[in-house]
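Structure first, then comments.
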Amino acid sequence: MELFSFIKEYVTNPRAVGAVLPSSKYLAKKMIGQIDFKNASYIIEYGPGTGVITEQLLKNRREGTIIILFESNLRFFNLLKQKYQHEPEFHLINDSAENLEEYMISLNIPWLDYIVSGLPIASLHQQVSFNILTLTKRHLRQGGKFITFQYTLLKKDLIGKYFRKVEIQRELRNIPPAYIFSCNV
3 MELFSFIKEY
13 VTNPRAVGAV
23 LPSSKYLAKK
33 MIGQIDFKNA
43 SYIIEYGPGT
53 GVITEQLLKN
63 RREGTIIILF
73 ESNLRFFNLL
83 KQKYQHEPEF
93 HLINDSAENL
103 EEYMISLNIP
113 WLDYIVSGLP
123 IASLHQQVSF
133 NILTLTKRHL
143 RQGGKFITFQ
153 YTLLKKDLIG
163 KYFRKVEIQR
173 ELRNIPPAYI
183 FSCNV
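Residue numbers 3 to 187, in our numbering, belong to the letters of the sequence shown in order.
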């Protein structure tokens, strides 16, 4: 059912979904491998889709870590809401990550330790990418990380303008293969 929903959403709005299939478990594990869960209090996920990375975040977080998801796609939002409705210290938001500050204030979140993103920065409108990257940099604590994946290196320089250090890995066991950007403020 999740796979069918994902494909349908891609066909309907490819710029927003970014891929024809959900992320692989290999990509998800490599992305969360960048997170120090013992010391993370606040983790945000932009564009969780069907929740492949979310599953890993929830499985590995320590007790007390708050996880917040931004999913603007209503179909994915409803799927995630049903799937994770009983998770403690978990907030699912049906809105754009461009409104991050508003939700941080309302949830009394002082900073962010990690932001994990499945947003297709390469295909988002340029101003949306700028807004999200600006907010991401502003709200990550010193030593925090922004971890995203892309299917192309087209936006490497754009991402590099916002972060002092960007490391790139490749995950071939994903369809399509993906680049993982691990970015430090």
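Beta carbons: idealized from backbone N, C-alpha and C, even for Gly.
Residue environment for D115: buried (at least 16 other C-beta atoms within 10 angstroms of its C-beta). With a contact defined as Cβ atoms closer than 8 Å, A124 and K157 qualify at about 5 Å. Contact annotation: I95 and Y105 have beta-carbon atoms nearer than 7 Å. Bridge pairing for I161: absent [DSSP]. Taking the Cβ atoms as the reference, T136 lies roughly 16 Å from F183, outside the contact range of under 8 Å. Contact between L59 and N176 does not hold, since their C-beta atoms are separated by about 18 Å, which reaches or exceeds 8 Å. Look at T150 here: in three-state DSSP terms it is strand. Counting C-beta pairs with one atom in each stretch, the stretch 64-81 and the stretch 37-50 have three or more that are closer than 8 Å, which means they touch. Within a 10 Å sphere around the beta-carbon of Q129 sit fewer than 16 other beta-carbons, which makes this residue exposed. Secondary-structure assignment with DSSP links K167 through a beta bridge to N186.
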